[in-house]
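Structure first, then comments.
Residue numbers (the numbering used here): 34 to 123.
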């Protein structure tokens, strides 16, 4: 990217701005610099995770799972995560 763009953010809720200002102070940065750091970190996180859904679909095809099989697997994972897969007596 050539040069620098200017970004204006309007209607920032006061509690969010206060939190951002607190983070900036803790980091020894200005609010602007802190916001740039947060934006850069989020952009990098999104770049790293951008292809996950396509990779998941490719894995499903590779394993030969049908949509129904995938739905059952998803339901089992959610039940385990939520603790609803455990017996009442345990």
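Every residue, glycine too, gets a C-beta built ideally from N, C-alpha and C.
Please read these numbers as outputs of a predicted model, since none were measured by experiment.
Residue range of the alpha helix (DSSP H) that includes residue 65:
64-81
Can you determine whether any heavy atom of the ligand ATP sits closer than 8 Å to the C-beta of residue 46, and answer yes or no?
No copy of the ligand ATP appears in this structure; indeed no ligand is present at all.
State the CB to CB distance for the pair residue 67 and residue 60, rounded to an integer number of angstroms; the pair is presumed to be in contact (CB under 8 Å).
6 Å
Please say whether residue 64 and residue 18 have beta carbons closer to each other than 9 Å?
Since the first residue shown for the chain is 34 and the last is 123, residue 18 is missing from the structure and cannot be characterised.
Beta-carbon within less than 8 Å of residue 112's beta-carbon, same chain only, minus the 5 sequence neighbours each way: which residues are those?
118
Tell me which same chain residues have a C-beta within less than 8 Å of the C-beta of residue 115, skipping the five on either side of it?
none
Looking at residue 93 and residue 108, is the spacing between their C-beta atoms short of 9 Å?
no
In chain order, what residues of the same chain have a beta carbon less than 8 Å from the beta carbon of residue 62, not counting five sequence neighbours either side?
70
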